[in-house]
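Asks: These protein sequence lines are chains A and B, in that order. Using my numbering, you'd call the opening residue of the first sequence number 1 and step up by one each time. Using my numbering, you'd call the opening residue of the second sequence number 1001 and step up by one each time. One structure, as structure tokens, below. Some questions next.
Number of protein chains: 2
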Amino acid sequence: MDVRPLFHPSLEDITVEGILHALSDPVRVAIFADIVAQEYPHSCSMFLTVSDKAIPKSTLSQHFRELREAGLIRGERRGVEMHNTSRCAEVEKRFPGLLGAIVNAHTIQSRDGARAKKLAAKRSSRRSAKSK
Amino acid sequence: MDVRPLFHPSLEDITVEGILHALSDPVRVAIFADIVAQEYPHSCSMFLTVSDKAIPKSTLSQHFRELREAGLIRGERRGVEMHNTSRCAEVEKRFPGLLGAIVNAHTIQSRDGARAKKLAAKRSSRRSAKSK
DNA sequence: TTCAATAGTTCCGAATTAATGAACTATTGA
DNA sequence: TCAATAGTTCATTAATTCGGAACTATTGAA
């Protein structure tokens, strides 16, 4: 019956390096972007069911912890699961525009990526059609 | 007489993750901020003489390479030394506002850091005065 | 030409950090 | 009280990063 409370850095202890490092991992930005979009109350396992990726839960747990310790999200137990919310508003006070620009860039990149994928698929189908 | 040309990613191959990772290291942001500020034509060794840090040159070389391969700077030989320039303008086209926000946040943090340091020094001098 | 000096790069072993399976903890609901 | 669910922790392995030593490239003397 331990329930040690999760560690959250205070606003002034949040660093740019920490934020950038936390968001330099594709899985973590994806998680963070989802939490920011607030499309669902975001738990660890929720992310698994939503994203098609198969990530071990220990790894996922670490990712959430890194986001938390970088000061990007706040996590609290809600019964058996976790409720994570973004700390954007706070961080915005200290580093104006930073998170917005990152999430925006991430959006642009996934849009471009989807387009590139579609093109690649088209190309490869043409290629395979030819090679018959 | 090799002179293999340095690798630079094309604009569409630059990724947010790559940029964030490259700038998540204190030494690398410092280098990048200097290059962006364009206060001097920026070579590897120039950074060493300007910053007070003592960083092994092999490490420094790696840092420059990471910045280059993340698409943040462009490097070309100028005689015996390297001439590095930022690729901000290009990156701005693909990820508007991103680099500006990061450099800005970094500036804010170093200002705050300097203030915190000053306060700490004041506190410790008071403490040592008291303890006499 | 040859040589020393300068500026970087490359290589490789050591140190650090990240990923993951297995075991564990906490909470709920039957 | 017990099974199920959601996460955490730990120990091990895998991947990165750091940094010294040796190497390459260029310049500017002698």
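Glycine residues also receive a C-beta, built at the ideal position from the N, C-alpha and C atoms. Please read these numbers as outputs of a predicted model, since none were measured by experiment.
1. A/ASP13 CB to nearest chain B CB: under 8 Å?
2. Quick one: using the 10 Å Cβ neighbour count with 16 as the cut-off for buried, is A/LEU133 buried or exposed?
3. From B/ALA1114 to B/ILE1108, what distance separates their C-alpha atoms?
4. What would DSSP say about A/ASP2, mapped onto helix, strand or coil?
5. Taking three-plus beta-carbon pairs below 8 Å as touching, is the segment 11–29 of chain A in contact with the segment 1091–1107 of chain B?
6. With DSSP as the reference, label A/SER86 as helix, strand or coil.
7. Which one or two residues does DSSP pair with A/GLU66 in a beta bridge?
8. Please list the residues of the segment 1087–1111 of chain B that have a C-beta atom closer than 9 Å to any C-beta atom in chain A, keeping them in chain order.
9. Which class does B/ILE1073 belong to by DSSP, given the choice of helix, strand or coil?
10. Just checking: is the beta-carbon of A/GLU66 within a distance shorter than 8 Å of some beta-carbon in chain B?
11. Does the distance from the CB of B/HIS1083 to the CB of B/SER1043 come in under 8 Å?
12. How is the alpha helix (DSSP H) around A/PRO96 delimited, first residue to last?
Replies: Working from what's here:
1. Along the first sequence, one-based indexing puts residue 13 of chain A at 13. A/ASP13 does not count as touching chain B.
2. No answer is possible for residue 133 of chain A: the residues shown for chain A start at 1 and end at 132.
3. To locate residue 1114 of chain B, count along the second sequence from 1; it is residue 114. To locate residue 1108 of chain B, count along the second sequence from 1; it is residue 108. The straight-line gap from Cα to Cα measures roughly 10 Å.
4. What you label residue 2 of chain A is simply residue 2 of the first sequence in a count that begins at 1. Caution is warranted here: a pLDDT of 48 is assigned to A/ASP2, below 50, making its placement in the model unreliable, and no coordinate value can be reported.
5. Three or more Cβ pairs closer than 8 Å define a contact, and the segment 11–29 of chain A meets that threshold against the segment 1091–1107 of chain B.
6. The residue given as residue 86 of chain A occupies position 86 in the first sequence. Strand.
7. For the purposes of this step, residue 66 of chain A is identified with residue 66 of the first sequence, where counting begins at 1. Bridge partners of A/GLU66: none, in fact.
8. When C-beta distances to chain A are compared with 9 Å, the residues of the segment 1087–1111 of chain B below that value are ARG1094, PHE1095, PRO1096, GLY1097, LEU1098, LEU1099, GLY1100, ALA1101, ILE1102, ASN1104, ALA1105, HIS1106, ILE1108, GLN1109, in chain order.
9. Here residue 1073 of chain B corresponds to residue number 73 of the second sequence, with the count starting at 1. B/ILE1073: strand per DSSP, three-state reduction.
10. Working through the first sequence from its first residue, we reach residue 66 of chain A at position 66. No, A/GLU66 lies away from the interface with chain B (no Cβ there is under 8 Å from its Cβ).
11. For the purposes of this step, residue 1083 of chain B is identified with residue 83 of the second sequence, where counting begins at 1. For the purposes of this step, residue 1043 of chain B is identified with residue 43 of the second sequence, where counting begins at 1. Yes; because the gap between Cβ atoms is below 8 Å, this pair is in contact.
12. Taking the first residue of the first sequence as 1, we reach residue 96 of chain A at position 96. Here A/PRO96 belongs to no alpha helix (DSSP H), and DSSP marks it neither H nor E.
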